[in-house]
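Working notes, structure below.
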Amino acid sequence: MTRTSLLLLALPLCTLAADGELWLVELEHNDGIRLQFQGAELELGSARLSGVSHTGELRPGMWLAILSRDGVAEHIRRTDLAPESVAAVHWRRAQAPLLAVAGHSLQLQGLGTITFDAGTRWLNGGPADLQPGRQLVLSRDETGRVTEILIPNPEDE
Numbered sequence: 019m020t021r022t023s024l025l026l027l028a029l030p031l032c033t034l035a036a037d038g039e040l041w042l043v044e045l046e047h048n049d050g051i052r053l054q055f056q057g058a059e060l061e062l063g064s065a066r067l068s069g070v071s072h073t074g075e076l077r078p079g080m081w082l083a084i085l086s087r088d089g090v091a092e093h094i095r096r097t098d099l100a101p102e103s104v105a106a107v108h109w110r111r112a113q114a115p116l117l118a119v120a121g122h123s124l125q126l127q128g129l130g131t132i133t134f135d136a137g138t139r140w141l142n143g144g145p146a147d148l149q150p151g152r153q154l155v156l157s158r159d160e161t162g163r164v165t166e167i168l169i170p171n172p173e174d175e
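In my numbering, the protein residues as written are 19 to 175.
Put into structure tokens, the structure is as follows:
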């Protein structure tokens with residue numbers, strides 16, 4: 019799938035993202051009521067689905083673009099792979115592998131360059147734990163400022 023087609027697929031979520039939160043994440047668990055990700059979860063609710071027929075097809079390891087509101091998923095789209103060319107999307111939570119770090123700038127696969135500041139909250143580590151290849155989960159506020167960086171499973175590295 020080309021970057022252009024991925025961007026076109028994301029357009030419906032982009033237009034709706036102003037009204038909710040866009041998450042670009044890998045699914046860890048689906049119990050039929052809640053979807054769980056690294057360090058967070060959403061209620062499944064009666065979300066519209068794209069790329070799967072029913073919620074039972076949502077399996078761990080799937081990459082999803084989810085539009086949520088008040089902790090409840092409203093639209094779930096299977097993306098098949100880690101998100102590509104989504105730097106222009108106003109996501110609130112995203113997971114991606116770290117490619118490089120320079121000062122307070124992170125180069126993340128599919129997300130581009132993201133900056134953080136001294137007010138960024140760190141979970142399971144800190145700036146000293148940033149290593150290329152490591153998965154990071156970032157949360158941003160409505161202005162786009164990175165508010166939290168989670169290093170999932172730091173003991174695995």
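Just so it is clear, CB atoms sit at the ideal spot from N, CA and C, and this is done for glycine as well.
TODO: Tell me where the beta strand (DSSP E) around Glu44 begins and ends.
DONE: For this step, residue 44 is matched to residue 26 along the sequence shown. Its beta strand (DSSP E) spans residues Glu39 to Glu44.
- [ ] Have a look at Arg152, Gly144, Ser86 and Glu46 and flag the residue whose alpha-carbon is nearest the alpha-carbon of Ala114.
- [x] For the purposes of this step, residue 114 is taken as residue 96 along the sequence shown, with counting starting at 1. Per the Cα distances, Arg152.
Task: Outcome for Ile84 when other beta-carbon atoms lying within 10 angstroms are tallied against a minimum of 16 - done: As a first step, residue 84 is located in the sequence shown; it is residue number 66 there, counting from the start. Ile84 is buried by the Cβ-count criterion.
Task: Neighbourhood of Ala58 by C-beta distance below 7 Å, restricted to the same chain and skipping five residues each side - done: On the sequence shown, residue 58 is found 40 positions in, with the first residue counted as 1. Excluding residues up to 5 positions away in sequence, Arg111 lie with their Cβ nearer than 7 Å to the Cβ of Ala58 in the same chain.
- [ ] Would you kindly work out how many angstroms separate the C-alpha atoms of Leu126 and Leu148, rounded to a whole number?
- [x] If you number the sequence shown from 1, residue 126 lands on position 108. If you number the sequence shown from 1, residue 148 lands on position 130. Rounded to the nearest angstrom, the two C-alpha atoms are 11 Å apart.
Task: C-alpha gap between Glu166 and Phe134, whole angstroms - done: Your numbering for residue 166 matches position 148 in the sequence shown. Your numbering for residue 134 matches position 116 in the sequence shown. So the two alpha carbons sit approximately 9 Å from each other.
- [ ] List the DSSP bridge partners of Phe55.
- [x] Along the sequence shown, read from residue 1 onward, the residue named residue 55 stands at position 37. Bridge partners of Phe55: Ala58.
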